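Chemist: So that we are looking at the same thing, I have put the structure below in structure tokens.
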Amino acid sequence: MRGFDFLSPKSLIAALRAIDGKAPTCKLLAGGTNVIPTLRDGTLKPRFVVDLGGIKALNYIREKQGWIQIGALTTIRDLLNSPLIKKKGSLLWEATHIFAGPLVRNRATVGGNLADASPAADTAVPLLALGARVKLRSLKGQRTVPLNRFFAGYQRTVIKPGEIVTEVTFPVPARGRKQSYYKLGRRNAMAISVVSVAVLLQMKGKICTDTAIALGAVAPTPLRVEKAEGILRGKKVDLELVKHCAQAAAKSVKPIDDIRASADYRRTLCEVLVHRMICQSLGLEDAD
């Protein structure tokens, strides 16, 4: 496996200096749950591997001025054990329960999970629904990218050479929000997603004042289905409206056939699960 120089900086600035000018021969290592297997089997052959695990300053969960801030090296286990995430980011907290198994949760990081840009990334779907943003840092400065613009295609992001993901942040959901998350795996919820759905609704009485619907494993990237969201926004929500919303969501996706499921099955599941999650969030009687 070893055919590269291994660097282990202990600070963010040291890491930024270590990767400066080394793209595309440099690979960042966070939890290593995806990178290490590809190094072992020879799929990935970098000249440099930079281990970020020693940068303790990038491991935190906190609330500041109405935003939840999560350091990029925060592990899935840390999210699962966080009272703050459970209380004010419960969509994300629900996803951590069914994120692989305990060994992977102990190593995998939120920044690494997003940077890998898998269509089935478990943290991406709830974070998209929560309106998350990703902070990127380089020697030239810092920028913030909305998560719905972070994914550039299948396993591609907008991260530029010399940049490192440092933080994921999302606004504390307003009181009165209704939400649901569901992930379907081939064998069980801990498997790679066949389809995952996150729904967040802001209601005023029976009127939906705002909504977010995010899907995973049904397109080249995790995504928000904005046309479907628009069907609910500003309307009195009933079963007929939910039906139209779910149908619009299914029409917005571009699933593929793979060993876990066919494209047609995923599209059908998308419609069924969006319908079910909205009804579950609002306490509507769902005949599906």
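If you're matching positions, the sequence shown starts at 1133 in the numbering used here and goes up one per residue. Idealized CB from N, CA, C, for every residue including glycine. All figures in this text were calculated on a predicted structure; none of them were measured in a lab.
Does Gln1311 pass the burial test, meaning 16 or more other C-beta atoms within 10 Å, or should it be called exposed?
Modeler: Per the 10 Å Cβ criterion, buried.
Chemist: Is the Cβ-Cβ distance between Ala1382 and Cys1411 less than 8 Å?
Modeler: No, these two residues do not count as a Cβ contact at 8 Å.
Chemist: Taking only runs that begin and end inside the region 1241-1274, name each unbroken beta strand (DSSP E) of 3 or more residues, in chain order.
Modeler: Qualifying beta strand (DSSP E) stretches, in chain order: 1265-1270.
Chemist: Report all residues from its chain with a CB closer than 7 Å to the CB of Ala1321; omit the five preceding and five following residues, and keep chain order.
Modeler: With a pLDDT of only 47 at Ala1321, under the threshold of 50, the placement of this residue in the model should not be trusted; the figure read from the coordinates follows. Around Ala1321: Ile1230, Lys1315.
Chemist: The beta strand (DSSP E) with Gln1183 in it runs from where to where?
Modeler: The question names Gln, but residue 1183 is Asp in the sequence shown. Per DSSP, Asp1183 belongs to the beta strand (DSSP E) from 1180-1183.
Chemist: So what does DSSP say about Leu1205, is it helix, strand or coil?
Modeler: Reduced to three states, the DSSP call for Leu1205 is coil.
Chemist: In angstroms with no decimal places, state the Cα-to-Cα distance between Leu1271 and Val1290.
Modeler: So the two alpha carbons sit approximately 17 Å from each other.
Chemist: Can the beta-carbon of Val1297 be found closer than 8 Å to that of Val1266?
Modeler: For Val1297 and Val1266, yes; Cβs fall inside 8 Å.
Chemist: Could you please give the first and the last residue of the uninterrupted beta strand (DSSP E) stretch that includes Ile1388?
Modeler: It is not in any beta strand (DSSP E) - Ile1388 carries neither H nor E in the DSSP assignment.
Chemist: If I measure Cβ to Cβ from Leu1371 and keep anything under 7 Å in the same chain, skipping five residues before and after, which residues do I get?
Modeler: Around Leu1371: Leu1416.
Chemist: Have a look at Thr1307 and Pro1387 and give me their C-alpha separation to the nearest angstrom.
Modeler: Per the sequence shown, residue 1307 should be read as Arg rather than Thr. So the two alpha carbons sit approximately 34 Å from each other.
Chemist: In terms of residue numbering, what span does the alpha helix (DSSP H) encompassing Val1404 cover?
Modeler: Run containing Val1404: 1395-1414, per the alpha helix (DSSP H) assignment.
Chemist: I'd like the span of the alpha helix (DSSP H) that includes Glu1358, first residue to last.
Modeler: Run containing Glu1358: 1358-1364, per the alpha helix (DSSP H) assignment.
Chemist: Classify Pro1293 as buried or exposed, calling it buried when 16 or more other Cβ atoms lie within 10 Å of its own Cβ.
Modeler: That one is exposed.
Chemist: Among residues of its own chain, excluding the 5 on either side of Glu1295, which ones have a beta-carbon nearer than 7 Å to its beta-carbon?
Modeler: Closer than 7 Å at Cβ, skipping near neighbours: Leu1268, Arg1269, Ser1270.
Chemist: Which same chain residues end up closer than 6 Å to Leu1212 when comparing Cβ atoms and leaving out the 5 residues on each side of it in sequence?
Modeler: Answer for Leu1212: Thr1228, listed in chain order.
Chemist: Taking DSSP as the reference, what is the three-state secondary structure of Ala1321?
Modeler: Any reading at Ala1321 must be qualified, since the residue scores a pLDDT of 47, below 50, and its modelled position is unreliable; the value itself is stated next. Here Ala1321 sits in coil by DSSP.
Chemist: When the distance is taken between beta carbons, is Leu1364 closer than 8 Å to Val1077?
Modeler: No answer is possible for residue 1077: it lies beyond the span of the chain, which begins at 1133 and ends at 1420.
Chemist: Could you check the C-alpha separation between Leu1355 and Gly1174 for me, to the nearest Å?
Modeler: About 31 Å.
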